[in-house]
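The structure appears below as structure tokens.
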Amino acid sequence: MDERSADVRFPMSQAYWLRTNDTPGLVGFFKTNWRVQGVFLVAASIVVVARLLFLPNALVVMSNTSLQSLRVFVVSCAIAICLYLVPETIRTRSLSKSFEYLWSEIFTWRNFAVVAPAIVALALVMNTFSQFKSSIPVFHPYAADELFQRVDRFVHFGVDPWRIVGHFFEYGGVTVIIDRIYYLWFIAVFVPTAAVVGMPDRFGIRHQFLLTYVLVWAILGIVCATAFSSVGPIYYDRVYGGPSHFTDLVQNLVRTDSAWGLTTMQVREVLWSAYVDDTATVISGISAMPSIHNAMCVLLFLAARHVNRWLAVATAIFGLTIFIGSIHLGWHYAIDAYVSVIGVVLLWKLAGYLTGNAAMRRAVQSQPRGAPA
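Okay, so the sequence shown: first residue is 41 according to the numbering used here, each after it adds one.
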């Protein structure tokens, strides 16, 4: 069976990252699962330590904003549980039966030993990313946009990608729909992430997902974003002066905002004010290349294809919508997304190797159907 096949569940006894040890309790659990748990936590720790070493007032900013980031993941976990309970209760017609699974599989010390440090680590990594993102122009002043807009046109046969997208989706009511969907990204990414973190690893992807998640925010979101320091089409004229290839794009957005109201234009001003005032918040920072919005959609797709084919199709459709929106709303060059796709796939492969999840999936899937666990 191909490694990419979906709908393959892993019995607990087959997954070495979930097996027991002769040593009882938490010590035995961590002794057996040191590789998958340790690699992820070490990677997250490196990101946080880098923040303390390279960013000014890191401890102060962290103390002021980390609880906000942690709250995002805690609320996401609560939403994920509710999304499970509602349809399951309708299906079984029994709330108590729905809770049986939660108590027997999720609310256990073994699962909590993975979930608790993972939530804290992910919150700190996301929070660290926000401060690094705000500091990009300090380390590397914005300068790459001219190159990226030229490459964008070259790759698309001399036409700006936003004009190509605009040919199919005219600015107006459709833009409003795309705009609203684009900002569902936060729910559509963090709630599934919470589900992957909180659910028992029946599909052999949890730690590979977690490590890839950290690497995406750290390598693509911090290292690459700093190296390829850019603001994107929506800020091009403000930073480099206009008119430019994106003047018409921004004017289209302004007109649509006046008629319909766009969340994009509100976020644009919030981020610009934070940039001008040199303040770091959970959502501050301006960066185009590479696109974390698109990167996280790719990560969700890579994970979903190991869970359920229909879930993979749904994540692919959502990811395509985010890709279109990132161009149509002026946040990104098309090549930002292309780089993100390549980067996430490579990081997913690396994480699968480092955690051993990929090898375990191949081993389990190679067994004949019905073979004993």
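From the three backbone atoms N, C-alpha and C, an ideal C-beta is built for every residue, glycine too.
**OP:** Please classify L369: does DSSP put it in a helix, a strand, or coil?
**Re:** In the sequence shown, counting from the first residue as 1, residue 369 sits at position 329. Coil at L369, not helix or strand.
Using only alpha-carbon positions, find the residue among F152, W149, L125 that is nearest to E140. Within the sequence shown, numbered from 1, the residue matching residue 140 stands at position 100. Closest option to E140, Cα to Cα, is L125.
Q) Thinking C-alpha only, which one of V155, A228, F169 is nearest I119? A) In the sequence shown, the residue the question calls residue 119 occupies position 79. The option with the nearest alpha carbon to I119 is A228.
Considering only the beta carbon of each residue, do T361 and F341 sit closer than 7 Å? As a position in the sequence shown, residue 361 is number 321, starting the count at 1. As a position in the sequence shown, residue 341 is number 301, starting the count at 1. The answer is no: Cβ separation not under 7 Å.
* Would you decide whether N97 is buried or exposed? Buried here means 16 or more other CB atoms lie within 10 Å of its CB. => Counted from its first residue, the sequence shown places residue 97 at position 57. Exposed, by the Cβ-count rule.
Requested in this report: Given a cut-off of 7 Å, decide if S298 and A314 are closer than it, judged by their beta-carbon atoms.
Outcome: Here residue 314 is taken as the residue at index 274 of the sequence shown, counted from 1. Here residue 298 is taken as the residue at index 258 of the sequence shown, counted from 1. No, the Cβ-Cβ distance between A314 and S298 is not below 7 Å.
Review point. What three-state label does DSSP hand T148 in the structure shown?
Key: The residue given as residue 148 occupies position 108 in the sequence shown. Of the three classes helix, strand and coil, the one that applies to T148 here is coil, per DSSP.
- Query: Taking three-plus beta-carbon pairs below 8 Å as touching, is the segment 283 to 293 in contact with the segment 148 to 157?
  - Reply: Contact between the segment 283 to 293 and the segment 148 to 157 is absent, because fewer than three Cβ pairs lie under 8 Å.
Any idea what DSSP makes of H196, helix, strand or coil? Here residue 196 corresponds to residue number 156 of the sequence shown, with the count starting at 1. Coil, per DSSP.
Quick check: what's the CA-CA separation for G212 versus Q189? As a first step, residue 212 must be located in the sequence shown, where it is residue number 172. As a first step, residue 189 must be located in the sequence shown, where it is residue number 149. Each residue's CA atom was taken as its position, placing G212 and Q189 some 24 Å apart.
Whole alpha helix (DSSP H) elements within the segment 255 to 319, 4-residue minimum
276 to 280, 287 to 299, 303 to 317
inquiry  = Going by C-alpha to C-alpha distance, which of L394, N104, I259 sits closest to V384?
reply    = Position 344 of the sequence shown, counted from the start, is the residue given in the question as residue 384. Ranking the options by Cα distance to V384, first place goes to I259.
### Query
What's the call for T132, buried or exposed, on a 16-neighbour Cβ count within 10 Å?
Within the sequence shown, the letter at position 92 stands for residue 132. Per the 10 Å Cβ criterion, exposed.
| field | Beta-carbon gap between T252 and L386 smaller than 7 Å | value | Here residue 252 corresponds to residue number 212 of the sequence shown, with the count starting at 1. Here residue 386 corresponds to residue number 346 of the sequence shown, with the count starting at 1. The answer is no: Cβ separation not under 7 Å.
At least one CB of chain D closer than 7 Å to the CB of Y393: is that the case? Any reference to chain D falls outside this structure, which holds one protein chain only.
Worksheet item: Given P412, which residues of its chain have a CB within under 8 Å of its CB, disregarding the five upstream and five downstream residues?
Response: In the sequence shown, residue 412 corresponds to position 372, counting from 1. With a pLDDT of 48 at P412, under the threshold of 50, the predicted position of this residue should be treated as unreliable, though the coordinate-derived value follows. Here the set comprises nothing.
Practice prompt. Tell whether a beta-carbon distance below 7 Å holds between Y373 and D192.
Written response: Residue numbering aside, residue 373 sits at position 333 when the sequence shown is read from its first letter. Residue numbering aside, residue 192 sits at position 152 when the sequence shown is read from its first letter. Inclusion of Y373 and D192 in the CB contact set at 7 Å is warranted, their separation being smaller than that value.
Check your understanding: Excluding sequence positions up to five away, which residues of its chain have a Cβ less than 8 Å from the Cβ of M462?
Key -> As shown, the chain starts at 41 and ends at 413. That puts residue 462 outside it, with no answer to give.
Please report the distance separating the alpha-carbon of S380 from that of G261. Here residue 380 corresponds to residue number 340 of the sequence shown, with the count starting at 1. Here residue 261 corresponds to residue number 221 of the sequence shown, with the count starting at 1. So the two alpha carbons sit approximately 10 Å from each other.
Short of 8 Å in beta carbon distance, which residues of its chain neighbour H180, apart from the five on each side in sequence? Order them along the chain. Position 140 of the sequence shown, counted from the start, is the residue given in the question as residue 180. Within the same chain, H180 has close Cβ partners T266, A267, S269.
Check your understanding: How would you label L92, buried or exposed, when you count the other beta carbons within 10 angstroms and need 16 or more for buried?
Key -> Walking along the sequence shown from the start, residue 92 turns up at place 52. So L92 ends up on the exposed side.
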